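The UniProt record's numbering puts the last residue of the sequence shown at 526; the count rises by one with no breaks. Don't be surprised by glycine CBs; every beta carbon is placed ideally from N, CA and C. Please read these numbers as outputs of a predicted model, since none were measured by experiment. Following: one structure in structure tokens, then a few remarks.
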Amino acid sequence: MNTRVDDQYKSFLDNWDRGFVDTEEEPEGYWMEAEFGQIPMDLHGTLFRNGPGKFQIGSDKVGHPYDGDGLVLAISFNNGSAFFRSRFVRTAEYLAESKEQRIMFRGTFGTQRPGGPAQNALDVVVKNTSNTNVVCWGGRLWTLFEAGQPYRLDPSSLETEGLETLDGQLRAGLPFDMGSAGANEAFGSMISGTQQRLGNGPYMPRELLAAEFEVAAKTSFELDGFAFLHDFAITKNFFVVFQNPVTGRSWLLRPLLGSCFAKCRNAHPAVDNVPYVLGKAPAAACVRWVAGKPTLLHLIPRPGRTDAQGLPLQPRTFTAPSLFVFHHANAYESEDGQRIVVDSIHYESLPAVGREALAEQQIDPDVAFRSRLRRVEIDLRTGMLQIRKQFDQYLEMCSINEARSGRQHRFVFGYNSVFQPDNDVQIGIAKVDTVTGTAALWRPGYQKFALEPKFVGRPGATKEDDGWLLTVMFDSGTQDCHLVILDAQHLEAGPVASLKFRDPVPSGLHGCWSSTYYGPDAAPAQ
């Protein structure tokens, strides 16, 4: 446990941790009822969410919540009704541990096999929990984990169909990251990134055609040094990659952590990976923050893109002050193509992931509570960067109207808290106007935590914020969980509807929206 955090945050963390609760899956599903308000009649489609959902196997407990097995939730909306279903992802590791009723694999963030270092030494393969994200594209549903291959699920039943190879385009065992569904729709191709786990292969963004799932194009780009890549942004002409100033011995971390800690060459040699190899520490403990080292911003040309003279665009790298980024909201190019704008969540240094993992590597134990939405503007003519704060409160899990992905946007959504000294223990939703610099806020109340918001546009909408925000909210005091529907244009008015889950659902990580209804054909009994 990271006990170094300031006392004003400890009550918040205690309540936050209660959201990681073991739950039973609901494969048959059920119709949800609105405890408050009414489900909009024109809200049509399916919200998918993924996250860790199993934190104990037999008598063994995972060492960190993010090492839990992936649980996929699906809430399908049609004609004012909502149907809920959930299933665990049947990874090979999940099936093996379920059969043996014990932990058999090491986790990325803190889980060890029982028996101490002797049972973990020299085991440098981390468990594929398939718990980080879920993407629905071209009628297929994938669950993602950055250190392993994706799994394919049936989007209607959520049954696991097996490892995904994209019809042979993805080599077995190759870690795989995927761009947002919004970016996929906006550009007409699926945007993804892979990188080699072994050897000297580069980080490789690629684009696939939706109908045939054939690789339309791919790009190879090698990062110099070490990196921690969880997300990347996309513009009309570029992939945008932030290389955070962290270090690790790439010869060891490549086979261990896959694309979560991306393959790079000439890695910093002054990191002690021996505790991991000897079975004494988790893989994530190999990462160190390098104080004072700049952050590098890489613009990697998308295939076939040319400049005004018709010549192929070349990769460019820019230097920014030292900062750390997990998540990007969006990126776009100015109309004249001479500026790149990137809105992201910035940390001043390496943040913890929960309390346990990365705690000892931090130079500032409270930095995780000071993330801010900032805009980076890159002048392609001068090479100069400008960084300005967009919102002066904590913000994370940022999102936009995904129809604006890769294009100029105005609004950024995310979850927000103020962490006041009087222990204002709650997380609400913020809508930041990047033009006026103002923000609309919804606060759910004491001990209530709203999770990653997903924007769903209203049919026929002509305004960027005309639609709803969907968020799963849990009450750490009662363990009740709700699906909350908010009007994005009137956020401060509170929920349009609130639907209670029959049993608690754990705090997930990331999700996606599909305009396809994947619920049952029969309507609920009135």
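Next item on the list: Inspect the beta-carbon positions of Asp67 and Tyr94 and report whether they are closer than 8 Å.
Entry: no
Check: In the region 39-111, which residue ranges form an unbroken beta strand (DSSP E) of at least 3 residues, counting only runs that do not cross its ends?
Finding: 45-54, 69-78, 81-88
Margin query: Considering only DSSP beta bridges, list what Val246 is partnered with.
Written below: Trp289
Notebook entry, point to check: In or out: Pro155 buried (at least 16 other Cβ within 10 Å) or exposed?
Noted result: buried
Item checked: Selected residue, minimal CA-CA separation from Gly139, among Gln119, Ala308, Tyr518 -> Tyr518
Check: When the Cα atoms are used, what is the spatial distance from Leu313 to Thr306?
Finding: 5 Å
Next item on the list: Could you give the DSSP three-state label for Pro27: helix, strand or coil?
Entry: strand
Next item on the list: Can you have a look at Pro27 and say buried or exposed, based on whether 16 or more other CB atoms are within 10 angstroms of its CB?
Entry: exposed
Notebook entry, point to check: Short check: CB of Leu469 to CB of Gly508, under 8 Å?
Noted result: no
Checklist line | Straight-line Cα distance separating Ser344 from Gly304 | finding: 27 Å
Margin query: Rounded to whole angstroms, what is the Cα-Cα separation between Tyr9 and Thr434?
Written below: 28 Å
Check: Is Leu486 closer than 8 Å to Val432 when the C-beta atoms are compared?
Finding: no
Next item on the list: Assess, as a yes-or-no matter, whether the region 285-294 is touched by the region 233-246 under the definition of 3 or more beta carbon pairs within less than 8 Å.
Entry: yes
Check: By Cβ distance below 7 Å, which residues in the same chain neighbour Thr516 in space, the five residues on each side in sequence not counted?
Finding: Gly45, Thr46
Check: If you follow the beta strand (DSSP E) that Arg394 is part of, which residue opens it and which one closes it?
Finding: In the sequence as displayed, the identity of residue 394 is Tyr instead of Arg. Run containing Tyr394: 394-399, per the beta strand (DSSP E) assignment.
Next item on the list: Report the partner residues of Phe419 according to the DSSP bridge assignment.
Entry: According to DSSP, Phe419 bridges with nothing at all.
Check: Helix, strand or coil: how does DSSP classify Leu469 here?
Finding: strand
Checklist line | Reference Phe84, options Arg404, Ala34, Gly162, closest by Cα | finding: Ala34
Notebook entry, point to check: The beta strand (DSSP E) with Lys127 in it runs from where to where?
Noted result: Note, Lys127: premise wrong, no beta strand (DSSP E); not H, not E.
Item checked: Inter-stretch contact (C-beta, 8 Å, three-pair minimum) for the region 327-340 and the region 405-418 -> yes
Item checked: Bridge-paired residues (DSSP) for Ala450 -> Met473
Check: Taking buried to mean at least 16 other C-beta atoms within 10 Å of its own C-beta, is Pro506 buried or exposed?
Finding: buried
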